[in-house]
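Residue numbers (our numbering): 12 to 409.
Note that CB positions come from ideal geometry on N, CA and C, so glycine has one too.
Computed from a predicted model, the values in this text were never measured in an experiment.
Written below as structure tokens is the structure these notes are about.
Here it is, written out as structure tokens:
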């Protein structure tokens, strides 16, 4: 995966001229985003042949010159006998038992020119494919390497190929991820392989970042990167956008593992599925949380978290919402198993922005009367009396 730091190192300002379209250079916001590569595993299979077993029984004993073990019926005089030069088994040949299961007459045998493996006397194969016989680059599986690709090429499934990706602007950055670090020739090929629209949008992104001073920020100066990225974020999102809604982005991230490199990789994969509208909504919500000091609160400081979250509730709801009415949210709760918080949240987030606010008003009213964990009887009574107005608004609202 290609992290923001990796993109930053693609080209220094002095190296940027090596790529005809102003880049690629230090790039991508401090959210540590990167593009995902794709690998394909090839499976090899080998076949084995089936041979016929020799026939057995009294008739074979007669042909071998031995006395039959049982009385046999000799063939009639006009029987067709084998030619005199037939190759018979030796007297001491080990023959299969009379009840041996023989292959059917229509068994498919391997062709005469079938590829076989010669085996030496000591049991070691003498004609076996070696690890690098069918690949030209990458690890050999034995701790070594099968070779390196030439500049401008990438190793894909053991073969050196010219890097390619979708031919749009987003595909350019996905193609960068396949290049070796500092391989300017490869970076240029990624740009050259894109269509005209992709190249133009890529140039627009890079020109904006250059003009904003993004490439002049010192390494790890997050405040500088955030400030200089701001005027370019819309054109950048136009370049890397997918087709998922903000709600779908959030649901995708909700399913990621918690903590570690795998989690960060999963979050960023989900992030780049978002449409332009979704990415802008997500950006507004995250910017609000940063400005409110939410990320500076201790995870145990409920008061700090609540106060910092409050001004960002609307941007969050505008990102994470569905189409259910407030009454629909309540009905959805009824289908959830007991104590299944994940199901409750899914129901809540499936409501429209207005529906979530109507439910919030009802919940706050009931909680104010019955406490943080209202019992069913108190909750029902509150919805009929003190919170009747909020309950009716939820029932009739959209």
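Here residue 249 is not near residue 300, since their CB atoms are 8 angstroms or more apart. If you look at residue 287, you'll find it in the alpha helix (DSSP H) that goes 287 to 303.
Residue pairing by DSSP places residue 166 opposite 171 in a beta bridge. Listed in chain order, the non-local C-beta contacts of residue 332 below 6 angstroms within the same chain comprise 363, 364, local neighbours out to five positions each way being set aside. For residue 404, the uninterrupted alpha helix (DSSP H) segment begins and ends at 399 to 407. When the alpha-carbon of residue 159 is set against those of 153, 168, 148, 152, the nearest one is in 148. Taking 8 angstroms as the cut-off, the beta carbon of residue 161 is found no closer than this to the beta carbon of residue 178. In terms of CA proximity to residue 200, 172 leads the group 172, 283, 224, 216.
Across the structure, residue 393 and residue 317 are spaced so that their CA atoms are roughly 25 angstroms apart. A residue is called buried when at least 16 other Cβ atoms come within 10 angstroms of its Cβ; residue 279 meets this threshold and is buried. If the five residues before and after residue 253 are omitted, its C-beta is found closer than 7 angstroms to the C-beta atoms of 283, 284, 285, 286, all from its own chain and listed in chain order. Within the same chain, and ignoring the five residues on either side of residue 338 in sequence, the residues whose Cβ sits closer than 7 angstroms to its Cβ are 405, 406.
Straight through space, the alpha carbons of residue 382 and residue 390 are spaced by roughly 10 angstroms.
Per the coordinates, the alpha-carbon of residue 294 lies some 30 angstroms from the alpha-carbon of residue 351. Sequence-distant Cβ neighbours of residue 216 in its own chain, meaning closer than 6 angstroms and more than five residues away, are 246, 247, 250.
A contact is defined here as three or more CB-CB pairs under 8 angstroms, and the segment 222 to 234 fails this definition with respect to the segment 263 to 278. In terms of Cβ geometry, residue 235 and residue 292 do not form a close pair [threshold 8 angstroms]. Here residue 161 carries a coil assignment [DSSP, helix/strand/coil]. Between the beta-carbon of residue 296 and that of residue 323 there is about 6 angstroms, and that keeps the pair under the 8 angstroms contact cut. Going by DSSP, residue 359 is part of the alpha helix (DSSP H) stretching over 352 to 360.
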